[in-house]
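Input: a single structure, listed below in structure tokens.
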Amino acid sequence: MLAFNFFGATEGGLFDINATLPLMAIQVVALTYILNSLFFKPVGNVVEKREKFVSNNIIEAKNKLSEVKKLEADLLTQLQSARTEAQRIVSEAENESDKLYKEALELANNEANASKEKARLEIENQTSAARDQLSKQADDLSELIVNRLILEK
Amino acid sequence: MFLNSLLTNFAALEVGQHLYWQIGNIRLHGQVFLTSWILLGALLVFISLGTKKMENDPKGLQNLLEFLWDYIRDLARTQIGEKVYRDWMPFIGTLFLFVFVSNWGGALIPWRLIKLPSGELGAPTADINTTIALALLVSLSYFYAGLSNKGWRYFEYYVHPTPIMLPFKILEDFTKPLSLSFRLFGNILADELVVGVLVFLVPLILPIPVMFLGLFTSAIQALIFATLAAYYIGEAVEEHH
Chain A
2 MLAFNFFGAT
12 EGGLFDINAT
22 LPLMAIQVVA
32 LTYILNSLFF
42 KPVGNVVEKR
52 EKFVSNNIIE
62 AKNKLSEVKK
72 LEADLLTQLQ
82 SARTEAQRIV
92 SEAENESDKL
102 YKEALELANN
112 EANASKEKAR
122 LEIENQTSAA
132 RDQLSKQADD
142 LSELIVNRLI
152 LEK
Chain B
255 MFLNSLLTNF
265 AALEVGQHLY
275 WQIGNIRLHG
285 QVFLTSWILL
295 GALLVFISLG
305 TKKMENDPKG
315 LQNLLEFLWD
325 YIRDLARTQI
335 GEKVYRDWMP
345 FIGTLFLFVF
355 VSNWGGALIP
365 WRLIKLPSGE
375 LGAPTADINT
385 TIALALLVSL
395 SYFYAGLSNK
405 GWRYFEYYVH
415 PTPIMLPFKI
425 LEDFTKPLSL
435 SFRLFGNILA
445 DELVVGVLVF
455 LVPLILPIPV
465 MFLGLFTSAI
475 QALIFATLAA
485 YYIGEAVEEH
495 H
């Protein structure tokens, strides 16, 4: 046996190597198996299960997020097209109403012009008629005056 | 002789004295087994309590044990590598826990209050038998890891990168367990001796910082032992290209 006499101890000493060594080795190996079944396996199972759960959830969340982003982009394009469509419809309606307004205005103008012309013509007719009548009366009168003057003589 | 008697009497420490158990023809250091059984019993009770009711949402002791598990896994994974760390994690973890519990138990529990007929109770890792047992287990483990993972190609490691390395690599197989066992043994024994001498000389306040330093050393030694064991196993299973 490796038994140094160290520090004056009568037997043993610091470097007294004996059957404690192999028995301690066996004890540690046994402890490894005990700890494996009591500690490393159960805790490992729980931790790894949770890690799997968390990573699965993260993947799922990422998938959902990308889906949401896709839907958002979809909605955005739909919104864009709806907006341009609405703009188109509004401008079309504006053009239409503008056209209608212009047509109505022209029609009214024409009608007004026509009635104005008609009135003018009537006035002219009446004026000429009145003037004719007047000149005829003047003629009659002048003839009467002439006749009277001649008769008096 | 004078120095010897001075040291033993002056420090009033029973250095190198053991409580011998005689079983047939073999002699055992009883105090090592006694303290290791008490400490390992406490460890097993602690672990059983923590793993009794495992939940997906960890609370209390389970949380602590999961932290410990994660710590050991990281240690094993970084040193051994992603491929085989799972096989060796229980061994590395057991080494770490055993050394840590032994060191801290030896430093924290006032064993001196319990009188033994011969020798005194203390950290099991302050006995050379324990540390050599641990170191030899590490040696066997890395040989087994290398041979079981790579077969005879394991011995390529000895001539890698050049055959000049062969004598040094063979020497390493001897120095690895030697340095592992003596580092742990020396650190823990020295810590116990320093605290013992200081307590004897100045039984007030002064030993307290040294005791804290001892706790720090104890934790560091456990980490070093486990890390080196994992590193040796990792070295043995590593593939050279």
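So the protein sequences, as listed, match chains A and B.
Under the working numbering, think of the first position of the first sequence as 2, with each following residue one higher.
Under the working numbering, think of the first position of the second sequence as 255, with each following residue one higher.
Beta carbons: idealized from backbone N, C-alpha and C, even for Gly.
- Rounded to the nearest whole angstrom, the CA to CA distance from R51(A) to I418(B) is 49 Å.
- Among the CB atoms of chain B, none fall inside 9 Å of the CB of I59(A).
- Inter-segment contact for the stretch 474 to 493 of chain B and the stretch 388 to 407 of chain B is present: three or more beta-carbon pairs are separated by less than 8 Å.
- Burial state of I90(A) is exposed, judged by a 10 Å Cβ sphere holding fewer than 16 other Cβ atoms.
- For Y274(B), the uninterrupted beta strand (DSSP E) segment begins and ends at Y274 to I277.
- Shown here, L282(B) sits in a strand according to DSSP, grouped into three states.
- DSSP places G45(A) within a helical segment (H, G or I) once states are collapsed to three.
- Not a single C-beta of chain A is nearer than 9 Å to the C-beta of R437(B).
- With fewer than 16 neighbouring CB atoms inside 10 Å of its own CB, F470(B) falls in the exposed class.
- Contacts between M343(B) and chain A, judged by CB atoms closer than 7 Å, involve F41 in chain order.
- Assignment of L390(B) by DSSP, reduced to helix, strand and coil, places it in the helix class.
- Counting of Cβ neighbours within 10 angstroms places F454(B) among the exposed residues, the total staying below 16.
- The stretch 359 to 379 of chain B makes contact with the stretch 434 to 454 of chain B: 3 or more CB pairs, one atom from each, lie closer than 8 Å.
- Exclusion of the five residues before and after F350(B) leaves I326, L329, A476, L477, F479 and A480 as the residues of its chain whose Cβ lies within less than 8 Å of its Cβ.
- V449(B) and T416(B) have their C-alpha atoms roughly 48 Å apart.
- When only Cα atoms are considered, G284(B) and S372(B) end up about 10 Å apart.
- When secondary structure is reduced to three states using DSSP, D311(B) falls in the coil class, being assigned neither helix nor strand.
- In summary, K71(A) is exposed, with fewer than 16 beta-carbon neighbours lying within 10 Å of its beta-carbon over all protein chains present.
- Taking a C-beta cut-off of 9 Å against chain B, none of the residues of the stretch 71 to 101 of chain A qualify.
- With contacts defined by Cβ atoms closer than 9 Å, L388(B) and A26(A) form a contacting pair.
- For P344(B), the enclosing alpha helix (DSSP H) begins and ends at Y339 to L362.
- Contact between G468(B) and A361(B) holds: CB atoms are separated by about 5 Å, below the 8 Å threshold.
- Excluding sequence positions up to five before and after W275(B), its CB lies within less than 6 Å of the CB of L282 and G284, all in the same chain and listed in chain order.
- For the stretch 323 to 352 of chain B, the beta-carbon criterion of a distance under 9 Å to any beta-carbon of chain A is satisfied by W323, D324, I326, R327, R340, M343, P344, F345, G347, T348, L349, L351 and F352.
- Chain order gives the chain A residues near D381(B) as T21, where near means a beta carbon separation below 8 Å.
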